[in-house]
Amino acid sequence: MGRYVLRRLLQLVPVFIGTTFLIYALVWAIPGDPFAAKCGDRPCPPAYVAEMREKFHLDDNIFSQYFQYLGNLLTGDFGETFSGLQVSELIADAYPTTIRLALLALLIEAVIGLAAGVFTGLRGGGFLDNLVLVSTLFLIAVPVFVTGFVVQTFLGLRWGIISPTVSIDPTWGELIAPAFVLGSLSMAYVTRLMRTSIAENQRADYVRTAVAKGLTPRRVVGVHLLRNSAIPVITFLGTDLGALMGGAIVTEGIFNIRGIGGLVFRAIVTKEGITVTGVVVLLVIVYLLMNLLVDVLYAVLDPRIRLD
Amino acid sequence: MRSRRVAASLAVGVSVALFASACGGGGGDSAGGAGGDGAAATISVYSTEPENPLVPSNTNEVGGGKVIDSLFSNLVSYETEDAAPYNEVAESIETTDSQNYTITLKDWTFHDGTPVTSSSFVDAWNFAAYGPNAQQNSSFFSQIQGFADVNPTDPDGESGPAEAPAPAAETMSGLQIVDDKTFTVALTAPFSVFPTVLGYSAFAPLPASFFTDQAGFEAAPIGNGPFRYVDRQPGANITLETWADWPGERKPSIGGVEYRSYASPEAAYADLVSGNLDYMEQLPPSSLVGRLFEQDLAGRNSNTTYLGINTIAFPVYDPKYADPRVRQALSVAIDRRAVSDQVYDGLRDPAAGVVPPGLDGFVEGQCGDLCTYNPDKAKQLLAEAGFTGPIELTSNVDGAGNQEVFQAFCISITNATGIPCNFVPVPTFAEFRTTINAREATTPFRTGWSADYPSIENFLNPLYRSGASSNDGEYTNPQVDALLAQGDSAPSTEESFGFYQEAERLILQDMPTIPTFYSTTQAGWSPRMSTATTNQFRELDLLTATVSE
Chain B
1 MGRYVLRRLL QLVPVFIGTT FLIYALVWAI PGDPFAAKCG DRPCPPAYVA EMREKFHLDD
61 NIFSQYFQYL GNLLTGDFGE TFSGLQVSEL IADAYPTTIR LALLALLIEA VIGLAAGVFT
121 GLRGGGFLDN LVLVSTLFLI AVPVFVTGFV VQTFLGLRWG IISPTVSIDP TWGELIAPAF
181 VLGSLSMAYV TRLMRTSIAE NQRADYVRTA VAKGLTPRRV VGVHLLRNSA IPVITFLGTD
241 LGALMGGAIV TEGIFNIRGI GGLVFRAIVT KEGITVTGVV VLLVIVYLLM NLLVDVLYAV
301 LDPRIRLD
Chain S
1 MRSRRVAASL AVGVSVALFA SACGGGGGDS AGGAGGDGAA ATISVYSTEP ENPLVPSNTN
61 EVGGGKVIDS LFSNLVSYET EDAAPYNEVA ESIETTDSQN YTITLKDWTF HDGTPVTSSS
121 FVDAWNFAAY GPNAQQNSSF FSQIQGFADV NPTDPDGESG PAEAPAPAAE TMSGLQIVDD
181 KTFTVALTAP FSVFPTVLGY SAFAPLPASF FTDQAGFEAA PIGNGPFRYV DRQPGANITL
241 ETWADWPGER KPSIGGVEYR SYASPEAAYA DLVSGNLDYM EQLPPSSLVG RLFEQDLAGR
301 NSNTTYLGIN TIAFPVYDPK YADPRVRQAL SVAIDRRAVS DQVYDGLRDP AAGVVPPGLD
361 GFVEGQCGDL CTYNPDKAKQ LLAEAGFTGP IELTSNVDGA GNQEVFQAFC ISITNATGIP
421 CNFVPVPTFA EFRTTINARE ATTPFRTGWS ADYPSIENFL NPLYRSGASS NDGEYTNPQV
481 DALLAQGDSA PSTEESFGFY QEAERLILQD MPTIPTFYST TQAGWSPRMS TATTNQFREL
541 DLLTATVSE
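Protein chains in written order, with full-length UniProt numbering: chain B, 1 to 308; chain S, 1 to 549.
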């Protein structure tokens with residue numbers, strides 16, 4: 001087990017270098033000179049452009065730029081933006097909000113999604129099953145920005161139940177509506193996954209055995225059925241946390257959440273490769289760790305799975 | 001069993017770590033716009049994250065400009081309604097020949113208590129102009145004698161291999177300190193509008209501490225304006241408080257101002273409607289459709305003009321658009337009124353000149369028939385010029401509403417001339433400007449201009465003079481150059497108008513850019529604001545803003 005985790009952690013290193021380099025190269029490849037647009041409809045003074053290109057090593061080739069960046073990163077220096085702000089500070093300000101948003105979204109999708117999946121899986125074909133089927137299909141069909149604007153416009157603007165945007169340092173309560181929007185799509189998937197898994201395993205041998213042993217229905221479902229059916233869902237939820245953190249750009253934009261999504265969006269628009277890479281570095285780490293956590297959880301849920 | 005326990009504790013450990021990091025961090029106070037006590041209330045204003053450090057000579061975009069304007073007072077300020085200049089920090093600005101100016105100062109201090117002296121201005125201007133300091137606004141000082149010595153031009157152009165030579169001097173010879181309260185400015189050529197220019201934020205004074213500790217200044221700017229820096233949370237807000245000792249004539253009646261960054265104008269609009277945000281100077285296009293904002297913000301919105309103009313510029317250097325008749329034809333092929341009604345719900349005014357109304361010396365209808373929709377004339381002019389299509393118009397589409405209005409222009413041109421017109425979108429402004437700056441445009445492209453300072457000169461010299469900094473189409477006409485030079489050297493602002501107006505008429509005959517709309521802005525404010533006036537630079541006039549609480 002310990003060796004497995006160690007091996008997985010070591011695998012993070014090449015994946016980490018590969019992804020960050022790709023991101024760096026992609027930002028570099030966005031057409032348009034970052035300083036062409038900095039001075040509005042008038043070109044920036046040549047002295048200014050020359051100074052900035054020198055300062056941010058923009059005239060070096062991409063490999064040289066990347067390795068300078070990586071070198072700084074290893075010493076804990078995330079670099080600074082064109083406006084002279086420390087990227088590490090921006091990330092430190094933005095990350096906690098995004099993590100809270102993602103965790104809340106994960107919680108909402110897990111609780112509602114799992115519950116709906118279990119109920120419909122146990123009693124397939126009834127009214128409840130059809131209702132859930134239609135509503136999950138609806139959620140999957142509607143893009144996140146539509147859900148977001150609808151929630152903001154009706155709950156926030158027209159009925160005044162929530163504030164249409166969150167404050168600078170949002171409370172958990174303020175983040176519930178955005179988290180619901182962010183998690184709604186995955187919630188539908190979790191429901192479908194869980195329902196299928198439960199329905200399938202209901203006919204499995206070990207369930208029949210458990211029933212035959214005379215165990216209470218609660219124990220059959222709660223321990224034997226749920227635990228085995230949860231494996232594919234756990235995989236999904238685990239990777240989804242990573243996706244929620246990176247994919248919050250739209251939701252954060254609608255509700256004006258000062259999180260990672262907005263930060264990375266602004267940085268892409270202004271071609272600030274340093275900020276983009278800094279954020280992505282952390283996203284990659286979260287993603288990889290979540291994957292590791294999911295794999296480790298398999299062994300907990302199903303002792304037959306051996307990791308070593 | 002053993003491996004399971006390890007796994008479980010590991011899982012718990014990682015979760016706890018993630019959770020803890022989520023609950024930790026997140027500093028910053030939430031100095032919000034809501035609440036407040038009576039006259040001392042802080043108002044929240046829509047803004048965007050400044051793109052540069054908060055130094056006046058290095059800020060020329062809107063997000064940072066708002067903050068700079070509140071933090072600094074210049075030699076000259078402008079009235080809210082008509083942008084007429086009046087002396088603020090300057091006691092007097094005197095000249096006899098429009099070339100040599102003597103400026104005397106009133107007794108002012110910076111927020112840190114140090115006096116505003118002649119050297120506060122002279123040092124700041126020298127800093128801004130000095131090439132190696134790489135300030136974005138350095139070109140504003142190019143008319144001062146000695147600018148070429150501190151900011152030499154690249155001998156073979158920007159793209160050439162040679163680098164610009166090192167500056168021969170560190171200070172401009174045209175700036176001379178007479179005493180603590182007096183200094184003189186000598187220009188390379190007469191420039192009658194110079195006193196008006198001095199209200200532009202690049203000419204702000206800087207305290208002595210700036211020159212010893214620039215990083216410290218950028219972290220907490222010290223100005224001499226009506227508002228004083230309090231704090232800043234990057235990506236979220238910048239908070240200023242009213243400076244009680246400000247010696248200016250009109251004192252602010254609010255307690256302070258919070259410039260709040262928003263991810264999108266739509267999010268800000270939602271906050272504005274529900275009263276979480278106090279002021280927004282430009283409402284998003286989605287709220288203008290069907291004039292929705294007039295219902296959402298009943299009794300707390302305004303629709304006003306400001307000093308700006310929208311245009312379509314031609315790459316005059318491209319042979320296809322070198323013939324003025326082609327350019328004139330496209331101008332008369334655009335039904336401005338119909339496009340305004342269709343795209344802007346009639347909220348924009350068709351332009352009839354390249355100078356916006358509201359400026360001293362403005363003349364109505366300078367464009368004559370050349371800005372009036374006339375399909376027959378368009379066809380005739382194109383036939384005379386032997387122009388055979390197709391026509392392409394281009395614009396960046398990351399700006400609000402650009403795509404819609406340019407598609408409408410194209411439809412109008414196609415309908416009027418029968419020549420197919422296509423709109424070619426460019427995804428980002430950076431990409432768009434890269435092509436234009438490199439003089440590689442092959443199609444007419446979107447341009448716009450907002451006043452740096454209120455003068456018709458500002459809408460002509462930088463845009464239409466041969467080789468001017470923003471003459472994107474490389475338009476050149478010796479007669480226009482001569483008239484502009486005459487306007488510059490006129491003994492007074494009033495006497496310069498005639499020359500500038502004549503130049504504008506000539507420019508419109510050549511039509512290097514098609515004037516499309518005079519800029520208007522739709523502002524909105526919260527119920528708790530009782531007065532909110534948008535000035536001629538499309539900003540909230542903080543000095544006249546009042547809160548009813």
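Cβ coordinates follow ideal geometry from the N, Cα and C atoms, glycine included. Nothing here was measured: the structure is a model prediction, and the numbers come from that model.
Problem - Given 8 Å, three or more beta-carbon pairs between the region 130–146 of chain B and the region 241–257 of chain S - result: Contact between the region 130–146 of chain B and the region 241–257 of chain S is absent, with fewer than three C-beta pairs closer than 8 Å.
Exercise for the section: Flag this pair as touching only if the region 347–363 of chain S and the region 478–486 of chain S have three or more C-beta atom pairs under 8 Å; answer yes or no. Expected result: Result no; under three Cβ-Cβ pairs closer than 8 Å.
Practice task
Just mark B/D59 as buried or exposed, buried being the case when its beta carbon has 16 or more other beta carbons within 10 Å.
Solution key: exposed
Practice task
Tell me whether the beta-carbon of S/G418 lies closer than 9 Å to the beta-carbon of S/K379.
Solution key: In contact: S/G418 and S/K379 (Cβ atoms closer than 9 Å).
Practice task
Take S/Q176 as the anchor and find which of S/G225, S/F203, S/Y101 and S/A267 has the nearest alpha-carbon.
Solution key: S/Y101
Exercise for the section: Could you tell me which chain S residues have their CB closer than 8 Å to the CB of B/S291, listed as they occur along the chain? Expected result: Here residue 291 of chain B turns out to be Asn, not Ser, going by the sequence shown. Residues of chain S passing the Cβ test: none, with the nearest at roughly 11 Å.
Handout entry: Residue-level contact to chain B via CB, S/P462, 9 Å cutoff
Key = True, the Cβ-Cβ gap to chain B drops below 9 Å.
Practice task
Drop a sphere of 10 angstroms on the beta-carbon of S/R439, count the other beta-carbons inside from all chains shown, and report buried for 16 or more, exposed for fewer.
Solution key: exposed
Practice task
Can you tell me which of S/M529, S/E539 and S/R538 puts its alpha carbon nearest to the alpha carbon of S/G275?
Solution key: Of the residues S/M529, S/E539 and S/R538, the one whose Cα lies closest to the Cα of S/G275 is S/M529.
Problem - CB contact check: B/G173 to chain S, cutoff 9 Å - result: no
Practice task
Over the uninterrupted beta strand (DSSP E) stretch that includes S/G308, give me the two end residues.
Solution key: Here the beta strand (DSSP E) through S/G308 covers N301 to A313.
Handout entry: Positions along the region 51–67 of chain B whose CB lies within less than 8 Å of some CB in chain S
Key = E51 and M52
Handout entry: S/V55 versus S/N74: straight-line alpha-carbon distance, rounded
Key = Cα atoms of S/V55 and S/N74: separation of roughly 14 Å, rounded to the nearest angstrom.
Exercise for the section: Give a yes or no on whether the minimum CB-CB distance between S/S30 and chain B is below 9 Å. Expected result: Because S/S30 sits at a pLDDT of 36, beneath the cut-off of 50, its placement in the model cannot be relied upon, and the point is left open.
Exercise for the section: Determine the burial state of B/L6: buried for a count of at least 16 other Cβ atoms within 10 Å of its Cβ, exposed for fewer. Expected result: exposed
Handout entry: Straight-line gap, B/A50 to B/A36 (C-alpha atoms, nearest Å)
Key = 12 Å
Exercise for the section: Kindly indicate if chain S contains any beta-carbon less than 9 Å away from that of B/I108. Expected result: No, B/I108 does not count as interfacial toward chain S.
Practice task
Report yes or no: is there a C-beta of chain S within less than 9 Å of the C-beta of B/L90?
Solution key: yes
Problem - B/R123: first and last residue of the uninterrupted alpha helix (DSSP H) it sits in - result: First-last for B/R123: undefined, no H or E at that position.
Problem - Euclidean distance between Cα positions of S/A408 and S/R291 - result: Roughly 19 Å between the two C-alpha positions.
Practice task
Say whether chain B places a C-beta atom closer than 9 Å to the C-beta of S/T447.
Solution key: yes
Handout entry: Neighbour flag for B/S163 against chain S, beta carbons, 9 Å
Key = yes
Handout entry: Range of the contiguous alpha helix (DSSP H) that encloses S/F210
Key = A208 to T212
Exercise for the section: Spatial neighbours of S/S21 within its chain, please: CB distance less than 7 Å, with the 5 preceding and 5 following residues excluded, ordered by chain position. Expected result: Confidence is the limiting factor: at S/S21 the pLDDT is only 38, short of 50, which leaves the residue's position unreliable, though a coordinate-based value still follows. Once the five neighbours on either side are set aside, S/S21 has no close Cβ partner at all.
Exercise for the section: Kindly indicate if chain S contains any beta-carbon less than 9 Å away from that of B/D205. Expected result: no
Exercise for the section: Give the DSSP-derived three-state secondary structure of S/V76 in the structure shown. Expected result: strand
Handout entry: First and last residue of the uninterrupted alpha helix (DSSP H) at S/G65
Key = DSSP places S/G65 inside the alpha helix (DSSP H), whose first and last residues are V62 to L71.
Exercise for the section: For S/F459, count neighbouring C-beta atoms within 10 Å of its own C-beta (all shown protein chains included) and say buried if the count is 16 or more, exposed if not. Expected result: Counting the other CB atoms within 10 Å of its CB gives S/F459 a total of 16 or more, which places it among the buried residues.
Handout entry: Simplified DSSP assignment, three categories, for B/V294
Key = helix
Practice task
Starting from B/Q86, follow its DSSP beta bridges and name the residues at the other end.
Solution key: B/E80
Handout entry: Residue burial classification, B/N61 (beta-carbon count within 10 angstroms, cutoff 16)
Key = exposed
Exercise for the section: Determine the direct distance from the alpha carbon of S/V426 to that of S/R337, and round the result to whole angstroms. Expected result: The alpha-carbon atoms of S/R337 and S/V426 are separated by roughly 26 Å.
Practice task
Compute the distance between the beta-carbons of S/P221 and S/E49, then report whether it is under 9 Å.
Solution key: no
Handout entry: When S/I391, S/A236 and S/R228 are compared against S/S47, the one with the closest alpha-carbon
Key = For S/S47, the closest of S/I391, S/A236 and S/R228 by C-alpha to C-alpha distance is S/A236.
Problem - Top-ranked residue by Cα proximity to B/L19, from B/L288, B/G125, B/T120 and B/Q202 - result: Note on residue identity: the sequence assigns Thr, not Leu, to residue 19 of chain B. Here the closest residue by C-alpha is B/L288.
Practice task
Compute the Euclidean distance between the alpha carbons of S/E392 and S/Q295, then round it to the nearest angstrom.
Solution key: CA-CA distance, S/E392 to S/Q295, rounds to 38 Å.
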